[in-house]
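Quick note: the sequence shown, position 31, residue 319 per the working numbering, numbers continuous.
Comments concern the structure below.
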Amino acid sequence: MAGECKPFSCAASVVLMVVAVAHVLRAAFQIPAVLGSVTVPPWMSIPAAVVAGALSVLVWREARRA
Numbered sequence: 289m290a291g292e293c294k295p296f297s298c299a300a301s302v303v304l305m306v307v308a309v310a311h312v313l314r315a316a317f318q319i320p321a322v323l324g325s326v327t328v329p330p331w332m333s334i335p336a337a338v339v340a341g342a343l344s345v346l347v348w349r350e351a352r353r354a
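Quick look at the structure:
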């Protein structure tokens, strides 16, 4: 059917959206993140949220188009 989402693509889109929301919450609540010995500042989650959100939308649209 037209407009139906493929199962894997829908799951990938949902996971990417959850990641985007997690990044926004991390930035909003100033939650620290440490990778090895490097501390990642919370503001860096904003570009990551934009990228994850955009990928989520693109995967969703592509899955519904095919």
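Ideal Cβ positions, reconstructed from N, Cα and C, are used throughout, including at glycine.
Keep in mind the model is a prediction, meaning the values are calculated, not measured.
Alpha carbon of residue i to alpha carbon of residue j, nearest angstrom
| i | j | result |
| --- | --- | --- |
| S425 | A315 | Outside the modelled stretch of the chain, which goes from 289 to 354, sits residue 425, for which no answer is possible. |
| E292 | A351 | 8 Å |
| V302 | I334 | 18 Å |
| F317 | R353 | 37 Å |
| V339 | A299 | 17 Å |
| V309 | V347 | 16 Å |
Cβ pair residue i, residue j closer than 8 Å
| i | j | result |
| --- | --- | --- |
| A336 | H311 | yes |
| P329 | I319 | no |
| L304 | S344 | yes |
Residue i: first and last residue of the uninterrupted alpha helix (DSSP H) it sits in
| i | result |
| --- | --- |
| P335 | 333-353 |
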